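*Asks:* Pasting a structure below so you can have a look.
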């Protein structure tokens, strides 16, 4: 956690000392280039129309449905990191990436050591589930960092991971010990491992969704001329790109969550003799599935606004977190294995 904290401060320093990302600069630079092409093609009227179309690039409402998102080639382009015009920003960015990778490696080693100490898979209680799920979230970010150059996301991901690990250490910690008899099953590896994967990916997708809503608000203010020209939101990719990032992560994660629910039902039949009993954890897992299914349906249905779909995604994550912490800790049920005193 200490290494992640260093990474968080380094990412913060990069934001403070850096300038607006080259993503924003490059996008603005497209205007005169496109205008020149339009002049050659047919005169001033077309230039004016072309500039109007380019202004529409910043309109997040124009990308609210999935068809429009997929039609924009800019969404496929990798996002550059924060372009530091200051040597301090460049240094901070290098430290941030290095400590992120180091922290992730130590995180994975810690999860593996926990499993070796317990002589089983390291997700038998809420503490272990939390550290394993946060490792998945960080793995997803590291993948985006090297594949999409998404360093702009680092300050948000590392900040959340530090908070999660802090709660795990101070509130959820439990010594390694053997599991209750009901958990001695191969399904522990399959069912809970799938849930761990989903927890990490849901977290990163939710971060992207929150950033999308905030960036969309900033873009609206920018059109009205009331936005701060030096705002940090200039360094964040467009609302359209953030929205698409969140959607793709959730579209990939939803089938895994579906498998998690189905695998849990099969395990329940083996352990308790019934596939479904409306246990509180089962019920909230199903509610989470329904909400995310509604989100994906909303994205595939024309007429749904981006903000509306984003709010549904946040509700889905809220249901997941409620099940994760509140139900697991405070509600008695067949899944009360949190181990929190």
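Numbering (the numbering used here), first residue to last: 818 to 1158. Ideal placement from N, C-alpha and C gives every residue a C-beta, glycine not left out. Computed from a prediction, not measured in an experiment: that's the story for all the values here.
Determine the closest residue to residue 918 out of 1087, 1044, 1107 and 818, with distance taken between C-alpha atoms.
*Replies:* Of 1087, 1044, 1107 and 818, the residue nearest in Cα terms is 818.
*Asks:* The ligand ADP heavy atoms versus the CB of residue 1083: any closer than 7 Å?
*Replies:* Inclusion of the ligand ADP in the displayed structure is not the case, the ligand content being empty and no account of it being possible.
*Asks:* Short of 8 Å in beta carbon distance, which residues of its chain neighbour residue 1010, apart from the five on each side in sequence? Order them along the chain.
*Replies:* For residue 1010, where only same-chain residues beyond five positions count, the Cβ hits under 8 Å are 938 and 940.
*Asks:* Using a 10 Å radius around the Cβ and a threshold of 16 neighbouring Cβ atoms, would you call residue 980 buried or exposed?
*Replies:* Classification of residue 980: exposed, given that the 10 Å Cβ count is below 16.
*Asks:* With DSSP run on the structure shown, which of helix, strand or coil describes residue 1055?
*Replies:* It is coil, neither helix nor strand.
*Asks:* Going by C-alpha to C-alpha distance, which of 1085, 933, 1033 and 935 sits closest to residue 1002?
*Replies:* The residue with the shortest Cα to Cα distance from residue 1002 is 1085.
*Asks:* Assess, as a yes-or-no matter, whether the region 913-932 is touched by the region 949-968 under the definition of 3 or more beta carbon pairs within less than 8 Å.
*Replies:* Output reads yes: the region 913-932 touches the region 949-968.
*Asks:* Measuring CB atoms only, is the region 980-992 touching the region 1066-1086, in the sense that at least three cross pairs come out at less than 8 Å?
*Replies:* Short answer: they don't touch.
*Asks:* To test your reading of the DSSP string, which unbroken alpha helix (DSSP H) runs of 4 or more residues are found completely within the region 938-987?
*Replies:* Listed in chain order, they are 943-964 and 971-984.
*Asks:* Using DSSP with H/G/I as helix, E/B as strand and the rest coil, what is residue 818?
*Replies:* Residue state, collapsed to three classes: coil.
*Asks:* What do you reckon, are the CB atoms on residue 960 and residue 831 nearer than 8 Å?
*Replies:* No.
*Asks:* Check whether the Cβ atoms of residue 1126 and residue 1066 lie closer than 8 Å to each other.
*Replies:* It is not a contact, given that the beta carbons lie outside the stated cut-off.
*Asks:* When DSSP labels each residue in this structure, what does residue 991 get in the three-state scheme?
*Replies:* Of the three classes helix, strand and coil, the one that applies to residue 991 here is coil, per DSSP.
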